[in-house]
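Each step along the sequence shown adds one to the number in numbering that gives the first Met the number 0, with nothing skipped, and position 87 is 86.
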Amino acid sequence: MPIGRLTTMAALASALVIALAGCGSGGDEKTAPPLTPPPGYEVVADAPAGFAIALPEQWVQLPLYNLKLFEDAAARVSTGDPQLADVLFTAETLVGRAQLFVLNPADKGATSVNLIAAEAGGDKSLDVAAKNATDELARLGATGITQQGASVAGGPAIEATFNLDVRTEKGTRPVATTQFYMLRDEMSFVLTFTGAGPEVDTIAQSLRIR
């Protein structure tokens with residue numbers, strides 16, 4: 000099920016206009032940055048949030064701007080598979096908070112990616128944003144937290160790796176996670192991967208931010 004079948008980017012853009020008003024470059028009309036995807040990938044772009052990213056064509060995107068649409072899409076994806084149902088149960092917590100959630104159906108959602116774009120608020124430097132994120136991860140019970148400098152979307156980023164127990168319908172399960180933190184023009188971007196498939200680096204390096 001290709002990505003495009005489960006989301007309408009125009010509806011997503013409309014839902015985000017109010018949430019992101021005042022961010023970025025004044026009152027200019029917002030456009031997503033250009034991106035040419037590698038073979039076998041396709042571009043998902045969000046103009047109001049100001050990003051474009053390349054994702055494998057066979058991965059599945061779930062709409063996060065409306066709970067009913069998410070539930071309908073999740074029901075089609077899960078098809079009674081308990082492992083997928085657990086991943087989708089976790090993804091539901093991102094509805095209304097993230098702009099992107101995509102999973103790899105080939106490994107039953109063991110590999111997934113989500114992206115949150117929001118006003119940076121008090122996080123005026125990348126180091127402060129990363130420390131705040133680390134403190135929050137520790138509060139949530141993450142273990143094995145490491146951080147290092149990285150370059151993503153043509154600019155500085157901080158890469159964090161950790162293990163986190165994720166809530167599912169049947170309890171919790173440990174998930175190996177990688178996050179990238181970025182600050183651009185008073186916006187913060189957090190790109191999160193679960194799993195460690197070969198696509199992770201390609202996806203991270205494809206990200207473009209306005």
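Note that beta-carbon positions come from the ideal geometry of N, C-alpha and C, so glycine has one too.
Check ALA60 in the structure and name its three-state DSSP category. The sequence as given places Gln at residue 60; Ala does not occur at that position. Three-state DSSP puts GLN60 in a strand.
Please report the residue range of the alpha helix (DSSP H) in which VAL86 lies. 81 to 90
Leaving aside the five residues before and after ILE202 along the sequence, list all residues of the same chain whose C-beta is less than 7 Å from its C-beta, in chain order. ILE52, ALA53, LEU54, VAL112
Using only CA atoms, which one of ALA128, THR176, LYS67, THR142 lies nearest to GLU185? ALA128
According to DSSP, residues forming a beta bridge with LEU93: Per DSSP, none; premise fails for LEU93.
Three or more C-beta pairs below 8 Å linking the stretch 62 to 71 and the stretch 40 to 48: no
What are the boundary residues of the beta strand (DSSP E) that includes LEU136? No beta strand (DSSP E) contains LEU136, which is instead part of the alpha helix (DSSP H) from 125 to 138.
Do you know whose CA, among ALA156, GLU198, ALA97, lies nearest GLN178's CA? ALA156
Quick one, which of LEU163, GLU198, VAL151 has its alpha-carbon nearest LEU190's? VAL151
Classify PRO38: buried if its beta carbon has 16 or more other beta carbons within 10 angstroms, exposed otherwise. exposed
Short Cβ contact (9 Å threshold) for LEU102 with GLY108: yes
Which of helix, strand or coil does DSSP assign to LEU68? helix
Through-space distance from THR193 to LEU163, alpha-carbon basis: 10 Å
Nearest-angstrom beta carbon gap, ALA48 and ALA116 [assumed within contact, 8 Å]: 4 Å
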